[in-house]
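Residue numbers (numbering that gives the first Met the number 0), protein chains in the order written: chain A, 0 to 914; chain B, 0 to 203. For each residue, glycine too, the CB sits at the ideal point set by N, CA and C.
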Amino acid sequence: MKRTPAALALLTLWIAALALLGWFVQRQLVVGADLRLFLPNPVTAEQRLLLEEIGEGPVSRVLVVALEGADAPALADVSRALVDSLKQSPSFRIVTNGEVSLDAVPDELLPYRFLLSPALDTQQLDENYLHSELQARARDLASPAGAFLEEWLPRDPTLELLKLLQRWQPMQEPHREFDVWFDRSGQRALLLAITQAPAFDPDRQRVAIDELDHALKQVAGDRHVTMTVSGAGKFSVLMEARTRGQAQAFGTAATVGMILLLLIAYRSLGSIVLSSLPLASAAVAGMAAVSAIFGTVHGITLAFGFTLIGVAQDYPMHLLSHRRPDHEPVAIARSLWPTLATGVASTCIAYLTFMFSGVTGLAQLACFTVASLAVAGITTRFGLPVLMGRAGRDFGDSRFLDRLWDRIEALPRMRWTALALAVIAIGVVMLAPQTFWENDLSRLTPVPRDLLLTDQQLRSELGTADARYLLVVGAPDSQRALRTLETLEPSLRALVKSGAIGGYDDAARYVPSAETQLRRQQRLPDPAALREALQRAQAGTPFRTGIFEPFVHDVEQARALPPLTVEKLRASPLGASIDMLLTQRSGGVTALVTLSAVNDVAAVQAFARKTGDNVRLLDIKDASEQLVAAQRTRILWTLAAAAVLLVGVIAIALRSRSRVFRVLAPMALTTVLVLAVLRASGVSLNLFHLIALILAAGLGLDYALFFEHASADRAEQRRTLHAVLVCSLSTLMVFALLGLSDVPVLRAIGVTVTLGVIFNFVFALLLTRPPPSSTPSPAALVPHQGSMCLLERVIEWDDRHVVLQTASHRSPDNPLRMNGRLRALHLCEYGAQAMAVHGGLRGTVTGVRPKPGMLVSLRAVQFGREYVEEVPGDLRVEAECLQADAGSLQYRFRITHGEEVLAEGRAAVVLSANE
Amino acid sequence: MLLALTLFPALCATAGTLDANALIARLAKPAPATVAFREVRFSSLVNEPLIVAGELGYSGPTSLDRRVTEPYRETVAIRGESVRVEREGEPPRSFGLNRAPELRGLLSSFTALLAGDPGALERSFSVAANGTDDAWTLELKPSDARARRRLQQIVVTGRADVPQCFTMLTANGGASVLLLGPTADRELPKPTTLDALKHLCSVE
Chain A
0 MKRTPAALAL
10 LTLWIAALAL
20 LGWFVQRQLV
30 VGADLRLFLP
40 NPVTAEQRLL
50 LEEIGEGPVS
60 RVLVVALEGA
70 DAPALADVSR
80 ALVDSLKQSP
90 SFRIVTNGEV
100 SLDAVPDELL
110 PYRFLLSPAL
120 DTQQLDENYL
130 HSELQARARD
140 LASPAGAFLE
150 EWLPRDPTLE
160 LLKLLQRWQP
170 MQEPHREFDV
180 WFDRSGQRAL
190 LLAITQAPAF
200 DPDRQRVAID
210 ELDHALKQVA
220 GDRHVTMTVS
230 GAGKFSVLME
240 ARTRGQAQAF
250 GTAATVGMIL
260 LLLIAYRSLG
270 SIVLSSLPLA
280 SAAVAGMAAV
290 SAIFGTVHGI
300 TLAFGFTLIG
310 VAQDYPMHLL
320 SHRRPDHEPV
330 AIARSLWPTL
340 ATGVASTCIA
350 YLTFMFSGVT
360 GLAQLACFTV
370 ASLAVAGITT
380 RFGLPVLMGR
390 AGRDFGDSRF
400 LDRLWDRIEA
410 LPRMRWTALA
420 LAVIAIGVVM
430 LAPQTFWEND
440 LSRLTPVPRD
450 LLLTDQQLRS
460 ELGTADARYL
470 LVVGAPDSQR
480 ALRTLETLEP
490 SLRALVKSGA
500 IGGYDDAARY
510 VPSAETQLRR
520 QQRLPDPAAL
530 REALQRAQAG
540 TPFRTGIFEP
550 FVHDVEQARA
560 LPPLTVEKLR
570 ASPLGASIDM
580 LLTQRSGGVT
590 ALVTLSAVND
600 VAAVQAFARK
610 TGDNVRLLDI
620 KDASEQLVAA
630 QRTRILWTLA
640 AAAVLLVGVI
650 AIALRSRSRV
660 FRVLAPMALT
670 TVLVLAVLRA
680 SGVSLNLFHL
690 IALILAAGLG
700 LDYALFFEHA
710 SADRAEQRRT
720 LHAVLVCSLS
730 TLMVFALLGL
740 SDVPVLRAIG
750 VTVTLGVIFN
760 FVFALLLTRP
770 PPSSTPSPAA
780 LVPHQGSMCL
790 LERVIEWDDR
800 HVVLQTASHR
810 SPDNPLRMNG
820 RLRALHLCEY
830 GAQAMAVHGG
840 LRGTVTGVRP
850 KPGMLVSLRA
860 VQFGREYVEE
870 VPGDLRVEAE
880 CLQADAGSLQ
890 YRFRITHGEE
900 VLAEGRAAVV
910 LSANE
Chain B
0 MLLALTLFPA
10 LCATAGTLDA
20 NALIARLAKP
30 APATVAFREV
40 RFSSLVNEPL
50 IVAGELGYSG
60 PTSLDRRVTE
70 PYRETVAIRG
80 ESVRVEREGE
90 PPRSFGLNRA
100 PELRGLLSSF
110 TALLAGDPGA
120 LERSFSVAAN
130 GTDDAWTLEL
140 KPSDARARRR
150 LQQIVVTGRA
160 DVPQCFTMLT
170 ANGGASVLLL
180 GPTADRELPK
190 PTTLDALKHL
200 CSVE
């Protein structure tokens, strides 16, 4: 770390800016867990309906509650007490345990019972009917039931209200004990709770479930009753908690690992601080971008985003590893920038295409990735170097790396092996038996299998609506919808009778169409006729005359009532059911017929086909899979476009075909190999595998670009090796942890990227090396041999100019040393050998062997210091031909170390005439 | 007659104070037990009381069968918290005991007495005993406030070891008199009023 005031000022400013932005973002950001964000955005009305059904339909808000742990009467008690205590709860629309209570119906709806009850379709309120009803009531009065009927009888001697309430019970009547719902074994009391919040709002669902827990504790007292809550809402709470928990755990582990890795690699605490700045900036920038553009962020996006830290970490690491004692960090950053920028740009381009994929979750991911990686790159280039002091050491200069690099260099070029591997991999990919794409959305959920089974079991006990099949009726308005539903009723009843379905539920069972209500209204007798009928009917029954006046009054009222509309019912306890079954949409009304226990799908399909155009059978599973499949094609096309763009960017940056090929080959080979490994292990690919593959490809590109950039400079190569080692280890750490998760999404990403990193590292090393230097080594070109050949390798040369690199001045075997010391004076010999090498190089081109020459003069020689054996690193030896003719050459030579000139001067050589 | 009436209480007084618990214990009958009954139900809705007859079957503290044989056939089975009504020519119905506190009152008092368990009785009612061992009256008032809103009290009258009548008075002014055992076969007074029945129940 530099301690200059400018650096400190920048540091303070940077941290302050991060803190401010971070606080702001954290306040604004809303984290959601709606998995539908990773489903394609709905385009058609049917797709919209589908997604609404999955998230907010009748099925999704239902929570099934099972109570067990005590004997049946106690459980029934607790069940009843629970319903009572949750009556006014704001989290639930309704909690029911099957009890039919006469006071569940609000007073203003009571007169409507004659219009709602189907009894009057077949009966008239005439003398005969009334007489048989009254007789039955008399017996009821004498029986224990009479106790609670007594109050009610004057108003409703035909018990219409009771009939209505029973009709509103689920058709597939669950098993009852002690008058409340129980499972068939009688061990568990069952309740249904319908939440206000949709299933995919885990926060509010959690509040609702907590309320259930709390209510249970209160009513159970000291009875040990355990409660199981099951349903879409519960699962989304579970999933959100798990994903969040694991993301946090991995994030912490990854951070600790990262710090350790940095300490081992760079051995300075300052490096940790420095490299954390671009990362923090990247994280904050990513969250700010998503928050600004989308408003909410999905938990999976956040989790993935934070693992991107393993990728963004690469940029400061490259900078840190490429530092040299003799170079200013700013200069190093400048020289690295083209490569770094190409890497950032190509990854960003690949992710940018996700913004147009039509999937909101992916667009968020893209936004986060692009913003954070771009900021990481830019801050590494412009911000970090200002803060960095010169390195104390050259990280490439380590024996370990030297040996490693030598061993790698010794490995054969992989041309044909690579090709063979690619072919085998493609073969495996094509031939693997399982389906290529994972279409089953339920596999994405991390909910354990046994919970899902319990849920299914409980639902079948209760006869709740089937989660997969729905009949959808479209109509311009509610009344026409209700009429259509009424016409469907006989066929639906037939389906129930034949066993194709266990039961059904639709809005018409609660509120008949206005037409039907009017028809029933007209069958109601006028008060005079009713009184007369009553009088005659009462003969032979013990009832007193005149006590049924309230009944007459109610009938009279019912004759004048306007038909009951759906809107009026919405505020009543029935409103919960109505809302789910009949919804107003732009352009009309959608009525649903929910089915329970669908045993014969074909029969239901045949029925739907027969009934006409506005009745459709919706197979939620099928439709959602088709939706996903269609969108996947779109995503693949955008990816293809991204690939083309990528190749274009690389081509523009590198400009040479062979270089472009060497950079792209590892990435391509890795992608194919990872696909092969996944397919061979029986995995079907899903969207998240795709995302991870792109990320791994971006990483591979980075490695390959940096290896390519290092080209023939050995020191650069070693530094790059150091950088890439640290980078890949850090990325590997993060994603390997993720691969251990049991959340399918996180695991998919983790495993894919881990494989990608490993393969990319290997192939970048093996495939990106430039072809073996066609430049001969200096030893081949000069007469000096053995330790007397002072120059180690040629860096570059042209017709007038040669640059070489050597570290032989440090070697204790250097013959020019005296008493272990090497005087700068002897650097003239280096210059002379450089000139000889240049002659030899030119000779390889012209084909003419160079003539031997003799140094005859040295002029204007200047030395930077007296002794040079302690100079660290390599010396750079340059020779420039000033004048050449057949007999003599004049060169200017220069030996530098970093920016320090150790020796320079001019030399003249006379070529001997002999061959 | 008047003299006898004035002497009567004195006779009672000298017969010894009534020990409610001991009395209840003596009423015990082994389960299963069957008791003939005739029920007279008074209601503001009807001109004359509704009268049914049949037998009561007792097979445990939470289970009671009420089998009506005259003038129609009907069976009400109470098991725990659930009541099931089956009448000839009609589909069976069931509902919860909490819907009919009077029924719960009948169930708990009847079964407690038949079991001879004063503790059980005291759990649900406050017990006031009057009279002598030969002609006793137990006044049961439900201890639960909610139940008291529907069922005012149950008066059990009997002679020696045999309960004769269960009179249930409901808060809305209705009443139901259950005549048990031999009393069930006795002819009912005409007109059949509550007072007349009270008389029937307390005088042999």
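> Can at least three beta-carbon pairs, one atom from the segment 350–364 of chain A and one from the segment 634–654 of chain A, be found at a separation below 8 Å?
Replying inline: With a cut-off of 8 Å, the segment 634–654 of chain A and the segment 350–364 of chain A count as touching, because enough Cβ pairs lie within range.
> Any beta-carbon of chain A closer than 7 Å to the one on B:Ser-201?
Replying inline: Judged by the 7 Å Cβ criterion, B:Ser-201 is not in contact with chain A.
> Could you give the distance in angstroms between the alpha-carbon of A:Asn-127 and the alpha-carbon of A:Arg-569?
Replying inline: Each residue's CA atom was taken as its position, placing A:Asn-127 and A:Arg-569 some 37 Å apart.
> Where does the unbroken alpha helix (DSSP H) through A:Val-662 begin, and where does it stop?
Replying inline: First-last of the alpha helix (DSSP H) with A:Val-662: 656–679.
>> I'd like to know whether the C-beta of A:Leu-140 is nearer than 7 Å to at least one C-beta of chain B.
In response: Taking Cβ atoms only, chain B reaches closer than 7 Å to A:Leu-140, which makes this a yes.
> Which runs of the alpha helix (DSSP H) spanning at least 4 residues fall entirely within the segment 81–140 of chain B, listed in chain order?
Replying inline: As far as the segment 81–140 of chain B is concerned, its whole alpha helix (DSSP H) runs of at least 4 residues are 100–114, 117–123.
>> Quick check on this structure: which residue in A:Arg-522, A:Gly-647, A:Ala-722 has the alpha carbon closest to the alpha carbon of A:Ala-118?
In response: Measuring from the Cα of A:Ala-118, the nearest candidate turns out to be A:Arg-522.
>> So if DSSP puts A:Trp-796 in a beta bridge, which residue, or which two residues, is it bridged to?
In response: Note: A:Trp-796 is bridge-paired with A:Val-801 in the DSSP secondary-structure output.
> What span of residues does the beta strand (DSSP E) with A:His-297 cover, start to end?
Replying inline: Element bounds for A:His-297: 295–297.
> Do we get a CB-CB distance below 7 Å when we pair B:Leu-113 with the residues of chain A?
Replying inline: Cβ-Cβ to chain A under 7 Å: no for B:Leu-113.
> the segment 151–181 of chain A: which residues have C-beta closer than 8 Å to a C-beta of chain B, in chain order?
Replying inline: For the segment 151–181 of chain A, which is checked against every Cβ of chain B, the residues closer than 8 Å are Leu-152, Pro-153, Arg-175, Glu-176, Phe-177, Asp-178, Val-179.
> So A:Ser-320 is in the alpha helix (DSSP H); what residue range does that whole segment cover?
Replying inline: 313–320 is the extent of the alpha helix (DSSP H) around A:Ser-320.
> How big is the Cα-Cα spacing for A:Leu-484 and A:Ala-506?
Replying inline: Distance between the alpha carbons of A:Leu-484 and A:Ala-506: 8 Å.
> From which residue to which residue does the alpha helix (DSSP H) around A:Leu-9 run?
Replying inline: Per DSSP, A:Leu-9 belongs to the alpha helix (DSSP H) from 4–27.
>> According to DSSP, simplified to helix, strand and coil, what is A:Tyr-509?
In response: A:Tyr-509: coil per DSSP, three-state reduction.
> For A:Leu-517, is the classification buried or exposed, using 16 other Cβ atoms within 10 angstroms of its Cβ as the cut-off for buried?
Replying inline: Under this definition A:Leu-517 is an exposed residue.
> Within the 7 Å Cβ cut-off, does B:Phe-124 reach chain A?
Replying inline: It does not; no Cβ of chain A falls within 7 Å.
> With DSSP run on the structure shown, which of helix, strand or coil describes B:Cys-11?
Replying inline: In this prediction, B:Cys-11 scores a pLDDT of 42, lower than 50, which makes its location untrustworthy; the coordinate-derived value is nonetheless stated afterwards. In the structure shown, B:Cys-11 sits in a helix (DSSP, three-state: H, G or I).
> Taking the alpha-carbon positions, what's the A:Asp-618 to A:Leu-48 distance?
Replying inline: Rounded to whole angstroms, the gap between the alpha carbons of A:Asp-618 and A:Leu-48 is 12 Å.
> Roughly how many angstroms separate the alpha carbons of B:Glu-69 and A:Arg-203, rounded to a whole number?
Replying inline: Their Cα atoms are separated by approximately 59 Å.
>> Can you pull the chain A neighbours of B:Glu-101, defined as C-beta to C-beta under 8 Å?
In response: From the beta-carbon of B:Glu-101, the residues of chain A found nearer than 8 Å are Pro-143, Ala-146.
> Which partner residues does A:Ile-500 have in the DSSP bridge list?
Replying inline: Per DSSP, none; premise fails for A:Ile-500.
>> Residues in the same chain with beta-carbon distance under 6 Å from A:Ser-356, minus the five sequence neighbours each way, listed in chain order, please.
In response: Cβ-Cβ distances below 6 Å link A:Ser-356 to Ile-634, Thr-637 in the same chain, with the five nearest sequence neighbours on each side left out; the list follows chain order.
>> Within the continuous beta strand (DSSP E) that includes B:Asp-64, where are the two ends?
In response: Counting along the chain, the beta strand (DSSP E) containing B:Asp-64 begins and ends at 62–69.
> A:Arg-138 lies in the alpha helix (DSSP H); which residues open and close that run?
Replying inline: Where A:Arg-138 is concerned, the enclosing alpha helix (DSSP H) stretches over 126–141.
> How many whole angstroms separate the CB atoms of B:Ala-174 and B:Leu-193, which I take to be in contact at a CB cut-off of 8 Å?
Replying inline: Cβ atoms of B:Ala-174 and B:Leu-193 come within 8 Å of each other, at about 5 Å.
> Under a Cβ-count criterion, where at least 16 other Cβ atoms within 10 Å of its own Cβ denotes burial, should A:Ser-78 be classed as buried or exposed?
Replying inline: It is buried - the Cβ of A:Ser-78 has at least 16 other Cβ atoms within 10 Å.
> Should A:Ala-188 be counted as a contact of the ligand GTP given a C-beta to heavy atom distance under 6 Å?
Replying inline: Ligands in the displayed structure: none, and consequently the ligand GTP is not present.
> Can you name the start and end residues of the beta strand (DSSP E) that A:Thr-593 belongs to?
Replying inline: Going by DSSP, A:Thr-593 is part of the beta strand (DSSP E) stretching over 587–595.
>> Can you pull the chain B neighbours of A:Ala-75, defined as C-beta to C-beta under 9 Å?
In response: Here the neighbours are Gly-79, Glu-80, Ser-81, Gly-95.
> How big is the Cα-Cα spacing for A:Ala-373 and A:Val-793?
Replying inline: Approximately 37 Å between the Cα atoms of the pair.
> Who are the neighbours of A:Phe-542 on chain B, taking C-beta pairs under 8 Å?
Replying inline: Leu-44, Val-45, Asn-46, listed in chain order.
> Taking 7 Å as the CB-CB cut-off, is A:Pro-72 touching chain B?
Replying inline: Taking Cβ atoms only, chain B reaches closer than 7 Å to A:Pro-72, which makes this a yes.
>> Measuring alpha carbon to alpha carbon, tell me which residue in A:Val-867, A:Gln-832, A:Ala-311 is nearest A:Leu-824.
In response: Measuring from the Cα of A:Leu-824, the nearest candidate turns out to be A:Val-867.
> Start and end of the beta strand (DSSP E) containing A:Met-226?
Replying inline: 225–230 is the extent of the beta strand (DSSP E) around A:Met-226.
> Between A:Ala-907 and A:Ala-833, which are expected to be in contact by the criterion C-beta below 8 Å, what is the C-beta distance as a whole number of angstroms?
Replying inline: The pair is not a contact, with the Cβ atoms about 14 Å apart (cut-off 8 Å).
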